[in-house]
Amino acid sequence: MRKKPKLTNIHTVAQSRIFNLESMDVEFSNGATRIYERLVSKGNGAVLVVPMLDDETVLMIYEYAGCTERYELGLTKGKIDKGETPLETAARELKEEIG
513 MRKKPKLTNI HTVAQSRIFN LESMDVEFSN GATRIYERLV SKGNGAVLVV
563 PMLDDETVLM IYEYAGCTER YELGLTKGKI DKGETPLETA ARELKEEIG
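Taking the numbering used here, the leading residue of the sequence shown gets 513, the next gets one more, and so forth.
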């Protein structure tokens, strides 16, 4: 089994309404070090659903993506609301986005 890298430092670089941007100093078992950045949600998490009609058919949706400023083909996804389970969120999002 691979040895897990050691996190030597984690600090928040920036914050938004829904995310923290963290910088992580990582040391690997061979002594190599790297700095990684990650987005950490402030919410309850999220789900991504891969709805399949059969073994070969995946249902996808066109949805506006603000980062690319155009409609993109993607999978059903959404944030988990307070008090909701991931399965309940998946069912709600499927109903909202696919019907």
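Glycine included, each C-beta is placed from N, C-alpha and C at the ideal position.
By the CB criterion at 9 Å, residue 550 and residue 534 fall inside the cutoff.
The continuous stretches of beta strand (DSSP E) do not include residue 607, which lies in the alpha helix (DSSP H) extending over residues 598 to 609. Here the alpha carbon of residue 524 sits roughly 15 Å from the alpha carbon of residue 538.
Fewer than three beta-carbon pairs drawn from the region 592 to 599 and the region 566 to 577 are found closer than 8 Å, and the two stretches are therefore not classed as touching. For residue 517, the CB contacts under 8 Å within the same chain, skipping 5 residues up- and downstream, are 538, 539, 540 and 541 in chain order.
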